[in-house]
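Protein chains: 2
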Amino acid sequence: MTSAKYDVLAIGNAIFDVLVRTEDDFLVKHGMVKGGMALIDEARAAAIYAAMGQAVEMSGGSAANTIVGLANFGARTAYVGKVKDDQIGRLYSHDIRAAKVAFETKAAADGPATGCSYILVTPDGERTMNTYLGAAQDLGPDDIDPIQIAGSAIVYLEGYLWDPKNAKDAFLKASTIAHDAKRQVALTLSDAFCVDRYRDEFLELMRSGTVDLIFANESELHALYQTADFDTALKQLALDVKLGVVTRSEKGCAVVTKDEVTLVPAAKIDTLVDTTGAGDLFAAGFLFGLVRNAGYENAGRLGALAAAEVIQHIGARPQTSLQDLAQQNGLPV
Amino acid sequence: MTSAKYDVLAIGNAIFDVLVRTEDDFLVKHGMVKGGMALIDEARAAAIYAAMGQAVEMSGGSAANTIVGLANFGARTAYVGKVKDDQIGRLYSHDIRAAKVAFETKAAADGPATGCSYILVTPDGERTMNTYLGAAQDLGPDDIDPIQIAGSAIVYLEGYLWDPKNAKDAFLKASTIAHDAKRQVALTLSDAFCVDRYRDEFLELMRSGTVDLIFANESELHALYQTADFDTALKQLALDVKLGVVTRSEKGCAVVTKDEVTLVPAAKIDTLVDTTGAGDLFAAGFLFGLVRNAGYENAGRLGALAAAEVIQHIGARPQTSLQDLAQQNGLPV
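Chains as they are written, first to last, in the working numbering: chain A, 1000 to 1332; chain W, 1000 to 1332.
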């Protein structure tokens, strides 16, 4: 194993976020499941957008938010995701590069527009996402650069990649290259509905050792093992994967291996504004802890800190220096 | 004079805001005048954007921000401004309509892209704007609908309209129609550098009665009369226009006519985050007070309240209900 050029390389659906505050009855009226991520087609996207109020736009995408968080902590990072070469795709590409993340995936010259997620943020801070995948549908194995993958200490993948038709192949290609190069592969389960769609495949990825590290929140874990009992699900997770990290919102997180369970409390916040990106930024902090060999306890605290930052403002990307925040809280950077 | 369909119709440069927090040295390095609005061409826009960090995007444009504020207070509103029919133009059109502002200006099918302003927000909350006018350059007299103008109690115009080559003619056409219909015409001086560019023309607009009401901040007023003495400038303003409203940041505002001066204090804020839109939202509140015949004192307080809301978050459009805010503060709505 040669030394890595990147600490973490993330692969995900490149999605531009269109965020709006709304009341709960908007979700009811439009048949949305609160807190979830629904895939929508172009016609539904147009209908939802037409009904939405004035919005704020910024780059998003689950794994992209994580990698931007990692770069913000000071990690060496790269991202693989597909936009179109359109106005929004250019905003997207600018933002991820401006965050000092290497981003070389070729933008689509034609086909669907850059993907967008129409995100409704209700007064309780919960976010409900409606995602039009657009150009992200065209991410495929050709977008995977073997040298870049082999040169990354951790390859981080999002479960949402199972939705577009070819991204799964890109995922598997990346995982094989990473393992051949003795690198680690991490997967976030993304969303409980995503787990429902791909449960058997996700379990197979874990049990076959295609992924080494799983990130899940409580509802994704319950969906994965189809049980309402947290401890049962957590024990099963410890058997199925080398390292499992389960976030539980204000209850903190649990880090499990076959041999141990580490519980880490959540970080304190003043006001919950918008949960968009909470899981993504938790993963950023936790992975940064791994990158720095800080131990699971510190990794969990770094994750909690980054999640706390992102839920106190609108949008899924950090608005402050996570590195400074970690230092102020006595955590390793 | 028939009863008006709209309380206020605004005409302005339709500009999409690309906002980023930055340190002061970025401004120095890129030769920007802090606090100002510089017009830039496409090449300079590309160079500035390439150097900028991750951004947040939202619809902007000075008069558009004002009219959205007015709609938010509960006024009946319309907007005239030019975007291109591109992705950003569609975001822009969505937002202003979602704010319940009538917006019927035909989007340009070709020519330059929708205009963008690259806005740097420094740690002290000051904003420095770099504006690429784009499609806004093509606003012209044909975009002025005489029936819509004649049906608006107040026509509100921004000084920035003197920059694009044809918008001035649209401005003058609108003013003539409005006065023929016994309506009021208001103008904001926009920016001290804008006043430097068009001082004689702005004074002529005032002295000829082409405009009835002037909004200016302190530095614009000083630029207009080329004096450092506030009282001298204010007295001159009272002679040159029927109604003059001068904002002075935390010192509040002065409302002047030939007969009286009304001083109104600023509204209290917790934290100054971003001054973008402060003047625009002050004008929204003040005009709303005029629309409701609330008197200059209340109009000034409504303006101060709206300005205070907008400077406590990133971006130039209100993020809360100004109507509720006014009610909570015992002001007329």
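Even for Gly, the Cβ is constructed at its ideal location relative to N, Cα and C.
Buried or exposed, going by whether 16 or more other CB atoms sit within 10 Å of the CB of P1317 (chain A)? Locating residue 1317 (chain A) in the first sequence gives position 318, counting from the first residue. Classified as buried, P1317 (chain A) has 16 or more neighbouring CB atoms from the shown chains inside 10 Å of its CB.
Do the stretch 1223-1233 of chain W and the stretch 1244-1260 of chain W touch if we need at least three Cβ pairs shorter than 8 Å? Under the 8 Å Cβ criterion, the stretch 1223-1233 of chain W counts as touching the stretch 1244-1260 of chain W, having at least three qualifying pairs.
Mind checking K1033 (chain W): buried by the 16 CB within 10 Å criterion, or exposed? In the second sequence, counting from the first residue as 1, residue 1033 (chain W) sits at position 34. By the neighbour-count criterion, in which 16 or more other beta carbons inside 10 Å mark a residue as buried, K1033 (chain W) falls on the exposed side.
In the structure shown, what three-state DSSP assignment does V1194 (chain W) receive? The sequence position of residue 1194 (chain W) within the second sequence is 195, counting from 1. V1194 (chain W) falls in the helix class under three-state DSSP.
Bridge partners - T1127 (chain A), DSSP secondary structure assignment: The sequence position of residue 1127 (chain A) within the first sequence is 128, counting from 1. A:L1119.
So for G1243 (chain A), helix, strand or coil by DSSP? Residue mapping note: residue 1243 (chain A) aligns to position 244 of the first sequence, counting from 1. Of the three classes helix, strand and coil, the one that applies to G1243 (chain A) here is strand, per DSSP.
Please confirm whether E1103 (chain A) has its beta-carbon closer than 8 Å to some beta-carbon of chain W. Looking up residue 1103 (chain A) in the first sequence gives position 104. No - not a single Cβ of chain W is within 8 Å of the one on E1103 (chain A).
Taking only beta carbons into account, state which residues of the stretch 1084-1099 of chain W come closer than 7 Å to chain A, listed in chain order. Look at the stretch 1084-1099 of chain W: the residues with a C-beta under 7 Å from a C-beta of chain A are D1085, Q1086, I1087, L1090, H1093, D1094, A1097 and A1098.
Taking only the alpha-carbon atoms, compute the straight-line gap between P1163 (chain W) and D1085 (chain A) and give it to the nearest angstrom. Against the second sequence, residue 1163 (chain W) aligns to sequence position 164. Against the first sequence, residue 1085 (chain A) aligns to sequence position 86. Their Cα atoms are separated by approximately 26 Å.
Tell me whether V1007 (chain W) sits in a helix, a strand or coil according to DSSP, three-state version. Position 8 of the second sequence holds residue 1007 (chain W). Secondary structure at V1007 (chain W): strand, using DSSP grouped into helix, strand and coil.
Where the alpha helix (DSSP H) containing R1089 (chain A) begins and where it ends: Here residue 1089 (chain A) is taken as the residue at index 90 of the first sequence, counted from 1. For R1089 (chain A), the uninterrupted alpha helix (DSSP H) segment begins and ends at Q1086 to A1097.
Quick check: the stretch 1141-1155 of chain A against the stretch 1110-1119 of chain A, are there 3 or more CB pairs under 8 Å? The stretch 1141-1155 of chain A, when compared against the stretch 1110-1119 of chain A, does not touch it at the 8 Å Cβ threshold.
Run through chain W and tell me which residues come within less than 7 Å of G1068 (chain A), C-beta to C-beta. On the first sequence, residue 1068 (chain A) is found 69 positions in, with the first residue counted as 1. Chain-ordered listing is empty here: chain W has no CB closer than 7 Å to the CB of G1068 (chain A), the nearest sitting near 12 Å.
So what does DSSP say about T1261 (chain A), is it helix, strand or coil? Position 262 of the first sequence, counted from the first residue, corresponds to residue 1261 (chain A). Here T1261 (chain A) sits in strand by DSSP.
Please work out which residues of its chain come closer than 6 Å, Cβ to Cβ, to G1011 (chain A), disregarding the five sequence neighbours upstream and downstream, and give them in chain order. Here residue 1011 (chain A) is taken as the residue at index 12 of the first sequence, counted from 1. Cβ contact annotation for G1011 (chain A) (same chain, cutoff 6 Å, sequence separation greater than five): G1060, S1061, A1062, A1063, G1080 and E1157, in chain order.
Classify S1207 (chain A): buried if its beta carbon has 16 or more other beta carbons within 10 angstroms, exposed otherwise. Translated into positions along the first sequence, residue 1207 (chain A) becomes position 208. Counting Cβ neighbours within 10 Å, S1207 (chain A) comes out exposed, since fewer than 16 surround it.
Buried or exposed: N1328 (chain A), going by 16 or more other Cβ atoms within 10 Å of its Cβ? Taking the first sequence and counting its residues from 1, the one referred to as residue 1328 (chain A) is at position 329. The residue is exposed, with fewer than 16 neighbouring Cβ atoms inside 10 Å.
Cβ-based burial, S1002 (chain A) [other Cβ within 10 Å; buried from 16]: Counting from one through the first sequence, the residue named residue 1002 (chain A) turns up at place 3. Taking every protein chain shown into account, the CB of S1002 (chain A) has fewer than 16 other CB atoms within 10 angstroms, so this residue is exposed.
Considering Cα atoms alone, identify which of W:L1138, W:E1041, W:C1115 and W:R1075 is closest to R1096 (chain W). Position 97 of the second sequence, counted from the start, is the residue given in the question as residue 1096 (chain W). The residue with the shortest Cα to Cα distance from R1096 (chain W) is W:R1075.
CB contact below 8 Å: A1045 (chain A) versus chain W: Start at 1 with the first residue of the first sequence, and residue 1045 (chain A) comes out as number 46. It does not; no Cβ of chain W falls within 8 Å.
Is the Cβ of R1316 (chain A) closer than 8 Å to any Cβ of chain W? Counting from one through the first sequence, the residue named residue 1316 (chain A) turns up at place 317. With 8 Å as the cut-off, R1316 (chain A) counts as an interface residue toward chain W.
Can you give the Cα-Cα distance for H1178 (chain A) and T1270 (chain W), rounded to whole angstroms? Numbered from 1 along the first sequence, position 179 holds the residue referred to as residue 1178 (chain A). Numbered from 1 along the second sequence, position 271 holds the residue referred to as residue 1270 (chain W). The alpha-carbon of H1178 (chain A) is positioned some 50 Å away from that of T1270 (chain W).
Rounding to the nearest angstrom, what Cα-Cα distance links M1051 (chain A) and V1019 (chain A) in this structure? Within the first sequence, numbered from 1, the residue matching residue 1051 (chain A) stands at position 52. Within the first sequence, numbered from 1, the residue matching residue 1019 (chain A) stands at position 20. Spanning the two alpha carbons is a distance of roughly 7 Å.
Step through the CB atoms of chain A and report whether any lies within less than 8 Å of the CB of E1125 (chain W). One-based indexing of the second sequence puts residue 1125 (chain W) at position 126. No, E1125 (chain W) does not count as interfacial toward chain A.
Short-range partners of chain W found in the stretch 1045-1059 of chain A, where Cβ spacing is below 8 Å: Only Y1048, A1049, M1051, G1052, Q1053, A1054, V1055, E1056, M1057 and S1058 from the stretch 1045-1059 of chain A bring a Cβ to less than 8 Å from some Cβ of chain W.
Going straight from the alpha carbon of V1007 (chain A) to that of T1130 (chain W), what length do you get? Counted from its first residue, the first sequence places residue 1007 (chain A) at position 8. Counted from its first residue, the second sequence places residue 1130 (chain W) at position 131. Just so you know, the alpha carbons of V1007 (chain A) and T1130 (chain W) end up roughly 37 Å apart.
Contact the stretch 1163-1175 of chain A vs the stretch 1188-1196 of chain A: 3+ CB pairs below 8 Å: Contact between the stretch 1163-1175 of chain A and the stretch 1188-1196 of chain A is absent: fewer than three C-beta pairs spanning the two stretches fall below 8 Å.
DSSP bridge partner residues for Y1155 (chain W) (one or two, in chain order): Residue numbering aside, residue 1155 (chain W) sits at position 156 when the second sequence is read from its first letter. Answer is W:A1009 and W:A1185, bridged to Y1155 (chain W).
Could you give the distance in angstroms between the alpha-carbon of V1100 (chain A) and the alpha-carbon of L1026 (chain W)? As a working mapping, residue 1100 (chain A) is identified with position 101 in the first sequence. As a working mapping, residue 1026 (chain W) is identified with position 27 in the second sequence. Going by the C-alpha atoms only, they are around 24 Å apart.
Grouping DSSP H, G and I as helix and E and B as strand, with all else coil, what is K1167 (chain W)? The residue given as residue 1167 (chain W) occupies position 168 in the second sequence. It is helical.
For the candidate residues W:L1220, W:G1251 and W:Q1225, whose alpha-carbon lies nearest to that of V1240 (chain W)? On the second sequence, residue 1240 (chain W) is found 241 positions in, with the first residue counted as 1. Cα-wise, what sits closest to V1240 (chain W) is W:L1220.
Are any of the Cβ atoms in chain D nearer than 8 Å to that of Y1048 (chain A)? The structure shown contains no chain D; the protein chains it does contain are A and W.
Do L1321 (chain A) and F1072 (chain A) come within 8 Å of each other at the CB atom, strictly closer than that value? On the first sequence, position 73 is the one that residue 1072 (chain A) refers to. On the first sequence, position 322 is the one that residue 1321 (chain A) refers to. Yes, the pair counts as a contact, with Cβ atoms nearer than the cut-off.
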